[in-house]
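J.: Sequences listed follow chains W and Y, in order. Everything in the first sequence is counted per our numbering, starting at 6 for the first residue and increasing by one. Everything in the second sequence is counted per our numbering, starting at 14 for the first residue and increasing by one.
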Amino acid sequence: MAALNAAPAAEENIVVASLKDAILAGVLALILFSIIVGLRTDAGAGGLQITTEWDRVLWMAAVTAVGRFLLNIFFWKRAGGPKGLSDVLPDFNRAGHVSRFLGPLMLGIAVTLPFIVMVLVPGQSRYYVDLGVLVLTYVMLGWGLNIVVGLAGLLDLGYVAFYAVGAYSYALLSQYFDLGFWVCLPLAGILAAFWGIILGFPVLRLRGDYLAIVTLAFGEIIRIVLLNWFELTNGPNGITQIPRPTFFGLDFTRDEGGFADFFGLEYAAIHRIIFLYYIILALALITNWVTLRLRKLPIGRAWEALREDEIACRSLGINTTNTKLSAFAIGAMFGGFAGAFFATRQGFISPESFTFLESAIILAIVVLGGLGSQMGVVFASLVMIGGFEMFRNLEEFRVLVFGLLMVLIMIWKPRGLVSTRNPTVFLKERKAVSADLVSQGEGH
Amino acid sequence: MSMASVSDPMAVPASEPVLAVRGVHTYYGAIHALKGVDIDIMDGEIVSLIGANGAGKSTLMMTICGNPQARHGNVIYRGEDITRVPTHEIMRKGIAQSPEGRRIFPRMTVRENLQMGAGITDMTHFESDLERMYTLFPRLKDRQGQRGGTLSGGEQQMLAIARALMSRPKLLLLDEPSLGLAPLIVRQIFNAIRDLNQSEGLTVFLVEQNAYHALKLAHRGYVMVNGKISITGTGKELLASPEIQAAYLEGGAH
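#1: Give me the Cβ distance between S355(W) and N242(W), rounded to the nearest whole Å; I'm assuming they're in contact under 8 angstroms.
#2: State the Cα-Cα distance for the pair R9(Y) and L221(W), rounded to the nearest angstrom.
#3: Entirely within the region 99-134 of chain Y and at least 3 residues each: give me those beta strand (DSSP E) ranges in chain order.
#4: Looking only at its chain, what residues have a beta carbon closer than 7 angstroms to the beta carbon of A193(W), apart from the 5 residues adjacent to it on each side?
#5: Return the Cβ separation of H232(Y) and E58(Y) in integer angstroms, given the expectation that the two are a contact with Cβ distance under 8 angstroms.
#6: Consult DSSP for L194(Y) and reduce its assignment to one of helix, strand or coil.
#7: Would you mind reading off the limits of the beta strand (DSSP E) that contains H45(Y)?
#8: Work out the CA separation of L252(Y) and R306(W) for me, nearest whole Å.
#9: Report the rounded CA-to-CA distance for R115(Y) versus G149(W), giving the unit in angstroms.
#10: Would you call the region 124-136 of chain W in contact with the region 328-342 of chain W, where contact means no fewer than 3 C-beta pairs closer than 8 angstroms?
#11: If you check the beta carbons only, do I117(Y) and A173(Y) fall under 7 angstroms apart?
#12: Answer yes or no: do I285(W) and T56(W) have a C-beta to C-beta separation smaller than 7 angstroms?
#13: Whole angstroms is fine: what's the gap from I63(Y)'s alpha carbon to V220(Y)'s?
#14: According to DSSP, M237(Y) sits in a beta bridge with which residue or residues?
#15: I need the boundaries of the alpha helix (DSSP H) containing Y173(W), first residue and last residue.
#16: Any idea if G322(W) is buried or exposed, counting beta-carbon neighbours within 10 angstroms, 16 or more meaning buried?
#17: Please confirm if the region 40-52 of chain Y is in contact with the region 240-255 of chain Y, defined as three or more CB-CB distances below 8 angstroms between the two stretches.
#18: What does DSSP give as the partner residue(s) for R312(W) in the beta ladder?
#19: Tell me which residue opens and which closes the alpha helix (DSSP H) that G340(W) is part of.
#20: Could you pull the start and end residues of the beta strand (DSSP E) that G86(Y) belongs to?
#21: Measuring CA to CA, which of S180(Y), V236(Y) and L185(Y) is closest to A131(Y)?
#22: With burial defined as no fewer than 16 other Cβ atoms inside 10 Å of the residue's Cβ, what is the status of R277(W): buried or exposed?
#23: Could you tell me if the beta carbon of L262(Y) falls within a distance shorter than 6 angstroms of some heavy atom in the ligand SAH?
#24: Using beta carbons (cut-off 7 angstroms, strictly below), is V20(W) in contact with chain Y?
#25: In whole angstroms, give me the CA-to-CA distance for V144(W) and I77(Y).
#26: Do T216(Y) and L164(Y) count as a contact pair if the criterion is CB distance below 7 angstroms?
#27: Just checking: is the beta-carbon of D266(W) within a distance shorter than 7 angstroms of some beta-carbon in chain Y?
#28: Taking its Cβ as the centre, do 16 or more other Cβ atoms sit within 10 Å of T137(Y), making it buried, or is it exposed?
#29: Just by C-beta distance, which residues in the region 133-144 of chain Y are closer than 7 angstroms to chain W?
#30: So F253(W) packs on F280(W), CB below 8 angstroms; how close in whole Å?
#31: Along the region 47-67 of chain Y, what residues have a CB closer than 7 angstroms to any CB found in chain W?
#32: Please list the residues of the region 301-313 of chain W that have a C-beta atom closer than 9 angstroms to any C-beta atom in chain Y, keeping them in chain order.
#33: Check whether the region 157-167 of chain W touches the region 210-230 of chain W, taking contact to mean three or more Cβ pairs, one atom from each stretch, closer than 8 angstroms.
#34: On the three-state DSSP scale, how would you describe K162(Y)?
#35: So, at 7 angstroms on beta carbons, what are the nonlocal neighbours of N126(Y) in its own chain, with the 5 sequence-adjacent residues on each side left out?
#36: Closest Cβ-Cβ distance between S386(W) and chain Y: below 7 angstroms?
Structure representation (structure tokens):
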């Protein structure tokens, strides 16, 4: 009997509570939108003029309040209903369990993507393959940075420096010594690794926030040197006419002896784009493969142990100096490969492409994906780079969507999309262990 | 399987200490933490170092490991001066440490933690050493697939000791193994240390606040006050000494 009587009272409480909550949300929206939407500045005669649009503000606040009320009534405050975003959205952590199928599936899609695209959207295939190249570039950069940040736990805010070193290595070597892409690719990686070690030495004793600041400065130093060393790098004008990669010596040109001519195909500009797509796919897969191999070797385990506890590492006889330097060098090397690819893809580079924002995006991909998770980087790149492109027609609101997406991911998965870590050694069954139980990745 | 067999080429004559600390002064910047410490640890001994908070016990242990290094004086291990040797190389000479606060790797599984401990050995004995650790601490076997961070305090301490033992040390340094643990668990851990010492001849240097347990276990003990050794003697002598009883054992046995 008591339960029956209690039910209507509880129902009433929900309505009252929801109403209060909705009014609060409405007021908040009123305040926020009155500044963002209510006041518009236009260039007019004699300077900027302010136009007020209070009716739009009121509409927005009303929509917020009503929407909040309805959501409260029908979802959030309902007993047994979903309590928050995490109950509504899918659980990517399962990716750890089903990765046996998911990995090959994603790989299959990635390998056949150009052909899928050509069949599905023949008119726009060039755009989509190009987008694929862009996403894969960030996947590769994410995987490279994942070695430094995700595995070794060294928070690097200047990763773009190695990307720049790789790009400029190729551009300059081709300009001054007339070397081709395939010769320069390993050289770019080696040079970037060398700079990784150069950066590594002064920061050996630093951890956490301090390390982050020094690496940030390093990224800026590289960019500013590239910008000001006019005689070598052509400064802000950048380097143009960087040679395109060849397919076993065949150029992707319309001329005789080009790729299309050699294989008896009709010349199409997309051949080169597809070729670039497969180059970056191969480079990214190599990065992934090397990382997965290294994780199983003593050096990979030492990186992970270093992330967990540096003092314990030293007490176990691990040379932390070499461990850190190797993480910086190998992470930087992959950044360098990606940089050389970027240079050959664009055909033009300037210091403008290597700003701090790039470092931030790559780091965001690693963090949102879940520190140390390879699959997470792929998801995060798809969401952040691919998703960002999808909203291109929203123009300036794109950044708003980007921010919203970041906030949503942080609420829903504060430890990244894939927050599990697979042990490298296991008995019979590989049990993924959730990160929720232990300390949050802090990069030191 | 004995850890210090007779035919061991590294074995030292019985009269010479395995580890000798000679007039060691250690500083943290301007702070003079150790003010001329002398300690001898003989082969097959359990030596305990007791003292109050801030006396410099952990500093001495860290100085032996070379982090921080002693500014004056020498640390001699098996006749070799290791005062200026980098920490990671000291730890490869047959010394292992279970550091203060355990410092296990929280996001790695128990098995991976133990693997990290064996990282500097050639891994050929890994499986048999692992079994030996599971015999010593059966709780770890039940937990081997679990993350280090999810273990209880006692299990974490067992893991820290087992991880140190995985490198097959001749000398084990233990920093406050009883810290924050229930008396029953403390007894288990101290029994395990005694077993290791008796069955395998493992030399143990123990830094403890829990004076009663530490002295009861030890062959010999040192008492540290303000960065200096104030009293030394056998475990029994120190336990019986009225001075020690007044300063460190007030309230009787724990």
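C-beta atoms are modelled at their ideal positions from N, C-alpha and C, and glycine is treated no differently.
T.: Quick look at the numbers:
#1: Here residue 355(W) corresponds to residue number 350 of the first sequence, with the count starting at 1. Here residue 242(W) corresponds to residue number 237 of the first sequence, with the count starting at 1. The pair is a contact, with the Cβ atoms about 7 angstroms apart (cut-off 8 angstroms).
#2: Not covered by the structure: residue 9(Y). The range shown for chain Y is 14 to 267.
#3: 108-111
#4: In the first sequence, the residue the question calls residue 193(W) occupies position 188. So the qualifying residues of the chain are G171, S174, Y175, G341, F342, G344 and A345.
#5: Here residue 232(Y) refers to the residue found at position 219 of the second sequence. Here residue 58(Y) refers to the residue found at position 45 of the second sequence. Between E58(Y) and H232(Y) the Cβ distance is about 5 angstroms, and since that is below 8 angstroms, they are a contact.
#6: Within the second sequence, the letter at position 181 stands for residue 194(Y). DSSP places L194(Y) in coil when its eight states are reduced to three.
#7: Locating residue 45(Y) in the second sequence gives position 32, counting from the first residue. It spans I44 to I54 - the beta strand (DSSP E) in which H45(Y) sits, taken as one unbroken run.
#8: Locating residue 306(W) in the first sequence gives position 301, counting from the first residue. Locating residue 252(Y) in the second sequence gives position 239, counting from the first residue. Those two C-alpha atoms are separated by around 44 angstroms.
#9: Position 102 of the second sequence, counting from 1, holds the residue named residue 115(Y). Position 144 of the first sequence, counting from 1, holds the residue named residue 149(W). The alpha-carbon atoms of R115(Y) and G149(W) are separated by roughly 32 angstroms.
#10: no
#11: The sequence position of residue 117(Y) within the second sequence is 104, counting from 1. The sequence position of residue 173(Y) within the second sequence is 160, counting from 1. Yes, they are a contact pair.
#12: Taking the first residue of the first sequence as 1, we reach residue 285(W) at position 280. Taking the first residue of the first sequence as 1, we reach residue 56(W) at position 51. In this structure, T56(W) does not lie closer than 7 angstroms to I285(W) by Cβ.
#13: Against the second sequence, residue 63(Y) aligns to sequence position 50. Against the second sequence, residue 220(Y) aligns to sequence position 207. Cα to Cα, I63(Y) sits roughly 6 angstroms from V220(Y).
#14: Along the second sequence, one-based indexing puts residue 237(Y) at 224. Answer is G64(Y) and I242(Y).
#15: For the purposes of this step, residue 173(W) is taken as residue 168 along the first sequence, with counting starting at 1. V165 to F182 is the span of the alpha helix (DSSP H), which, as asked, contains Y173(W).
#16: To locate residue 322(W), count along the first sequence from 1; it is residue 317. G322(W) should be labelled buried.
#17: yes
#18: In the first sequence, the residue the question calls residue 312(W) occupies position 307. Looking at the DSSP assignment, R312(W) forms no beta bridge with any residue, so it has no partner.
#19: Taking the first residue of the first sequence as 1, we reach residue 340(W) at position 335. Per DSSP, G340(W) belongs to the alpha helix (DSSP H) from T325 to Q351.
#20: One-based indexing of the second sequence puts residue 86(Y) at position 73. Unbroken beta strand (DSSP E) run through G86(Y): H85 to Y90.
#21: On the second sequence, position 118 is the one that residue 131(Y) refers to. A131(Y) has its Cα closest to that of S180(Y), out of S180(Y), V236(Y) and L185(Y).
#22: Taking the first sequence and counting its residues from 1, the one referred to as residue 277(W) is at position 272. So R277(W) counts as buried.
#23: Among the components of this structure there are no ligands whatsoever, and the ligand SAH is therefore not found.
#24: The residue you call residue 20(W) lines up with position 15 of the first sequence. Cβ-Cβ to chain Y under 7 angstroms: no for V20(W).
#25: Your numbering for residue 144(W) matches position 139 in the first sequence. Your numbering for residue 77(Y) matches position 64 in the second sequence. So the alpha carbons of these two residues sit roughly 46 angstroms apart.
#26: Walking along the second sequence from the start, residue 164(Y) turns up at place 151. Walking along the second sequence from the start, residue 216(Y) turns up at place 203. Their beta carbons are not under 7 angstroms apart, which means L164(Y) does not touch T216(Y) by this criterion.
#27: Translated into the one-based positions of the first sequence, residue 266(W) becomes position 261. No, D266(W) does not count as interfacial toward chain Y.
#28: Your numbering for residue 137(Y) matches position 124 in the second sequence. Under this definition T137(Y) is an exposed residue.
#29: I133
#30: On the first sequence, position 248 is the one that residue 253(W) refers to. On the first sequence, position 275 is the one that residue 280(W) refers to. About 11 angstroms separates the two Cβ atoms, so there is no contact after all.
#31: none
#32: P303, R306, A307, E309, A310, R312 and E313
#33: yes
#34: Taking the second sequence and counting its residues from 1, the one referred to as residue 162(Y) is at position 149. The sequence given here places Gly at residue 162(Y); Lys does not occur at that position. Of the three classes helix, strand and coil, the one that applies to G162(Y) here is helix, per DSSP.
#35: What you label residue 126(Y) is simply residue 113 of the second sequence in a count that begins at 1. These residues qualify, in order along the chain: I117, F118, G161, L172 and R176.
#36: Walking along the first sequence from the start, residue 386(W) turns up at place 381. Not an interface residue.
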